[in-house]
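Asks: Note that this note's numbering has the sequence shown beginning at 0, numbered continuously upward. For glycine and all other residues, C-beta sits at the position ideal for the given N, C-alpha and C. All of these numbers come straight from a predicted model, not from anything done at the bench. This is the structure, below, for whatever I ask next.
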Amino acid sequence: MPKPVINYEKCKTQKTCVDVCPMQVFEVKGDKVVVAKPEECIGCKACEVQCPEGAITVEED
Ligand code: SF4
Numbered sequence: 000m001p002k003p004v005i006n007y008e009k010c011k012t013q014k015t016c017v018d019v020c021p022m023q024v025f026e027v028k029g030d031k032v033v034v035a036k037p038e039e040c041i042g043c044k045a046c047e048v049q050c051p052e053g054a055i056t057v058e059e060d
């Protein structure tokens, strides 16, 4: 199962992942983005590739 992980030391809450994820895995909660629906992730890595801060890693386990 692919598992997107946000590195909050890098994230600047530009919400690119929210916009590019085809499965709506990410949601804005207050002043940060959270991995709201990890079970929906299909492992396309659009978020990992397009995050301007390189703050997302899609892990496989
Ligand atoms: S890998 Fe694809 S489906 Fe999974 S969270 Fe990132 S953009 Fe969404």
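For the candidate residues 42, 20, 8, whose alpha-carbon lies nearest to that of residue 53?
Replies: In the sequence shown, the residue the question calls residue 53 occupies position 54. Selected option, being the one with the closest Cα: 8.
Asks: My assumption, with CB atoms under 8 Å, is that residue 12 sits in contact with residue 31. Please give the rounded CB distance.
Replies: Translated into the one-based positions of the sequence shown, residue 12 becomes position 13. Translated into the one-based positions of the sequence shown, residue 31 becomes position 32. That belief holds up - the Cβ atoms of residue 12 and residue 31 are roughly 6 Å apart, short of 8 Å.
Asks: Smallest Cα separation from residue 33: which of 42, 48, 47, 16?
Replies: As a position in the sequence shown, residue 33 is number 34, starting the count at 1. It is 16.
Asks: Taking DSSP's pairing of strands, which residues face residue 57 in a bridge?
Replies: Here residue 57 corresponds to residue number 58 of the sequence shown, with the count starting at 1. 3.
Asks: Nearer than 6 Å: is that true of the beta carbon of residue 0 relative to any heavy atom of the ligand SF4?
Replies: Counting from one through the sequence shown, the residue named residue 0 turns up at place 1. The answer is no for residue 0.
Asks: Return yes when the C-beta of residue 46 is under 6 Å from any heavy atom of the ligand SF4, and no when it is not.
Replies: Locating residue 46 in the sequence shown gives position 47, where the first residue counts as 1. Residue 46: yes, Cβ under 6 Å from the ligand SF4.
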